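Participant:
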């Protein structure tokens, strides 16, 4: 089963005005993603997502070019079943034969950044193909599900202090028992973020899991101040408190609070996660399958979570394809307890595919049971929003 073609499509879809929100990324009026399509010589197709930005808006032109002009020529003709070997080929480039014969890496200069994002989309598509070929969901190929259902938490929470409670209670009314809200520089001051969190906790009561996400926008002193200010709010975690480049600073924040620190969505490969663990910078690991290096590398990260007794909570803010990739990894990992479920304006989650992704009335989501990732692109949508 040889790779016959690899395609990448930059999709940009307007977000309906009533579903737009304002954050540190500004007013999000469009949702972007790179759809990766791998086709075999048998006609079987697999689909994945490669990200140009952690948020939902950003140019995907460089990723499209990387996939079609750099990676495709390397990979056409390769056996699509050899996912690990293909990963090593891309990561090590012309020295991949040394890597495979010596058992260690000889990486290309682009071992971080958009090249790994591009590889992420291809890798996920290859897992999708393998699942379809074997008539098995990807989670079964990863060792099988550790549980039948998993709690989903509602990810959103941009409203001001006088409306955040109502917004989050709108999520719990849908059955979610955990919610995440945004804080940080979008609030202008640390005190404003603290006040919003206090208002949220008062409105939700004590039984609801409450997470906060600063998108890496606090300084170290600000993050420490925030932690002191919300110390009695029983936060489930505080996500990306500061710039992801400052792992030592993140560790400094963690060392002075009892609030669990979550991070990892901005990291490339398990090596970055290893460094965060070595600095004692986090309690919750959040790999994004469209950034970290695909399902293959996300599973390597899940093994780190298992080994170091940390929680795994894949970052699933993206298209339906990266969501199902993260969901498959989470169900296959004994370290995962909750999964992110986007409640922002997200046409790539709901309109890009023919299947409907949903949680039950108790905010729980079932283990995947369809072959591959279980998703079918809506090609009319792709055609309409392709850049």
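Numbering (my numbering), first residue to last: 1 to 387.
Using N, Cα and C, we set each Cβ at its ideal position, and we do this for glycine too.
This one's a predicted model, so the numbers in the text were calculated from it and none came from an experiment.
#1: Roughly how many angstroms separate the alpha carbons of residue 57 and residue 148, rounded to a whole number?
#2: Is it true that the CB of residue 236 sits closer than 7 angstroms to the CB of residue 198?
#3: Beta carbon of residue 123, beta carbon of residue 294: below 7 angstroms?
#4: Which word fits residue 10, buried or exposed, when buried means at least 16 other C-beta atoms lie within 10 angstroms of its C-beta?
#5: Relative to the alpha-carbon of residue 163, which residue among 181, 359, 150 and 243 has its alpha-carbon at the smallest distance?
#6: Mapping DSSP to helix, strand and coil, what is residue 6?
#7: Using a Cβ-based criterion (distance less than 6 angstroms to any ligand heavy atom), does residue 363 qualify as near the ligand SAH?
#8: Are three or more beta carbon pairs between the stretch 173–189 and the stretch 322–332 nearer than 8 angstroms?
#9: Around the Cβ of residue 14, are there at least 16 other Cβ atoms within 10 angstroms (buried) or fewer (exposed)?
#10: Taking residue 303 as part of the beta strand (DSSP E), name the residues at either end of that continuous run.
#11: For residue 206, which of 172, 220, 344 and 187 has the nearest alpha-carbon?
#12: How about residue 290 and residue 52: are their beta carbons less than 7 angstroms apart?
#13: Who are the Cβ neighbours of residue 187 in its own chain at under 6 angstroms, not counting the five residues just before and after it?
#14: Taking contact to mean 3 or more Cβ pairs, one atom from each stretch, closer than 8 angstroms, check whether the stretch 22–34 and the stretch 93–106 are in contact.
#15: Any contact between the stretch 229–245 and the stretch 255–272? By contact I mean 3 or more CB pairs, one from each, below 8 angstroms.
#16: Quick check on residue 43: buried or exposed, where buried means 16 or more other Cβ atoms within 10 Å of its Cβ?
#17: Just to confirm, is the Cβ distance from residue 132 to residue 371 under 7 angstroms?
#18: Taking the alpha-carbon of residue 156 as reference, which of 321, 19, 5 and 380 has the nearest alpha-carbon?
#19: Helix or strand or just coil, what does DSSP make of residue 11?
#20: Restricting to Cα atoms, I'd like to know which of 160, 1 and 144 is closest to residue 23.
#21: With 16 other CB atoms within 10 Å as the buried threshold, where does residue 196 fall?
#22: Straight-line CA distance for residue 273 to residue 321?
#23: Could you tell me whether the Cβ atoms of residue 40 and residue 89 are closer together than 7 angstroms?
Facilitator: By the coordinates alone:
#1: 33 angstroms
#2: no
#3: yes
#4: buried
#5: 181
#6: strand
#7: Among the components of this structure there are no ligands whatsoever, and the ligand SAH is therefore not found.
#8: no
#9: exposed
#10: Here residue 303 belongs to no beta strand (DSSP E); instead the alpha helix (DSSP H) covers 294–308.
#11: 172
#12: no
#13: 193
#14: no
#15: yes
#16: exposed
#17: yes
#18: 19
#19: strand
#20: 160
#21: buried
#22: 23 angstroms
#23: no
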